[in-house]
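Beneath this line is the structure, given in structure tokens, with notes to follow.
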Amino acid sequence: MKITSNTVVSLTYELHTTTPEGNQVFVEKATEENPLVFLYGVGMMLPKFEEHLTGLTVGDEYSFELEAADGYGEIDPGAHVDLPVGMFKEGGAELPNVGDVIPLQDNQGNQFRAGVTAVGEEIVSVDLNHPMAGKNLIFAGKILTVREATADELSHGHAHGADGHSGH
1 MKITSNTVVS LTYELHTTTP EGNQVFVEKA TEENPLVFLY GVGMMLPKFE
51 EHLTGLTVGD EYSFELEAAD GYGEIDPGAH VDLPVGMFKE GGAELPNVGD
101 VIPLQDNQGN QFRAGVTAVG EEIVSVDLNH PMAGKNLIFA GKILTVREAT
151 ADELSHGHAH GADGHSGH
């Protein structure tokens with residue numbers, strides 16, 4: 001079976017990015033023991049990632065690079081916010097450190113993560129860009145399984161595991 005809309009795909013991958021000098025840097029991987037499983041064609045994955053997988057079948061190997069614009073976008077220099085220190089001290093919590101990635105929520109309840117860039121007496125500065133913004137993404141891996149999505153998966157909009165029976 002080929003990867004098309006409304007199929008459930010499980011695959012392995014290794015993800016690398018490149019430094020400004022052009023060296024590849026390992027980011028993460030999904031193995032055969034712990035593969036990435038997703039419902040193809042419903043917007044769960046980066047569109048260009050899915051585009052490169054279209055038509056592949058079980059056992060096919062793949063390797064491709066996504067430009068930053070096709071991944072998590074370019075870095076937005078305006079996506080920095082200063083937050084009041086008091087926001088972090090509620091409940092006796094400690095202040096984050098520079099380099100920490102912290103969970104935040106906007107006024108609409110959307111959750112996201114931000115990187116701490118500075119900690120002062122009055123403010124904590126955070127970068128709201130995705131950690132992979134501005135970076136090319138280099139993927140390589142193998143297709144493990146491809147199957148038709150179940151009716152439940154289609155109605156829920158996500159895969160229920162490689163076999164279709166993992167609950168949530």
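Counting from 1, one number per residue, gives the positions in the sequence shown under the UniProt record's numbering.
C-beta atoms are modelled at their ideal positions from N, C-alpha and C, and glycine is treated no differently.
Report the partner residues of residue i according to the DSSP bridge assignment.
i    : result
V98  : Beta-bridge pairing links V98 to no other residue.
H80  : D127
Y13  : A30 and G141
E148 : T7
V37  : S10
Q108 : Its beta-bridge partners do not exist; DSSP assigns none.
P103 : R113
T18  : Q24
If you follow the beta strand (DSSP E) that residue i is in, where does it begin and where does it stop?
i    : result
G55  : Taken as a continuous stretch (DSSP letters only), G55 belongs to no beta strand (DSSP E), as it is neither H nor E.
G115 : Q111 to V119
L46  : L46 -> no beta strand (DSSP E), and no H or E assigned at all.
E90  : Unbroken run through E90: none, as it is neither H nor E.
E61  : E61 to L66
Between residue i and residue j, what straight-line distance do the alpha-carbon atoms span, to the nearest angstrom?
i           : j    : result
D82         : G115 : 12 Å
residue 195 : E65  : This structure cannot speak to residue 195, because the chain is shown only from 1 to 168.
H16         : L144 : 20 Å
T150        : S63  : 29 Å
N129        : E21  : 21 Å
A118        : F88  : 14 Å
N110        : T57  : 35 Å
G41         : A79  : 29 Å
P47         : G161 : 21 Å
Q108        : G59  : 42 Å
P35         : A140 : 13 Å
F38         : I75  : 27 Å
Just to confirm the assignment, what range does the alpha helix (DSSP H) spanning residue i have?
i    : result
K29  : First-last for K29: Q24 to A30, but that is the beta strand (DSSP E), not the alpha helix (DSSP H).
G164 : Element bounds for G164: n/a, residue is neither H nor E.
G73  : Taken as a continuous stretch (DSSP letters only), G73 belongs to no alpha helix (DSSP H), as it is neither H nor E.
Less than 6 Å separating the Cβ of residue i from some heavy atom of the ligand PLP?
i   : result
L15 : No copy of the ligand PLP occurs in the structure displayed, which carries no ligand at all.
Which whole-angstrom value describes the C-beta separation of residue i and residue j, a residue pair presumed to lie in contact below a C-beta threshold of 8 Å?
i           : j   : result
E32         : T54 : In fact, because the Cβ distance is near 22 Å, the residues do not count as touching under 8 Å.
residue 189 : E28 : Given a span of 1 to 168 for the chain in the structure shown, any question on residue 189 remains unanswerable.
E148        : T7  : 6 Å
Which residues in the same chain as residue i place their Cβ atom closer than 8 Å to its Cβ, once the five residues preceding and following it in sequence are excluded?
i   : result
T18 : Q24, V25, K135, N136 and I138
Looking only at its chain, what residues have a beta carbon closer than 6 Å to the beta carbon of residue i, apart from the 5 residues adjacent to it on each side?
i    : result
K142 : T12 and E61
V101 : R113 and G115
For residue i, I'd like the list of residues in its chain whose CB is within less than 7 Å of its CB, leaving aside the five on either flank, ordered along the chain.
i    : result
D127 : A79, H80, A114, G115 and T117
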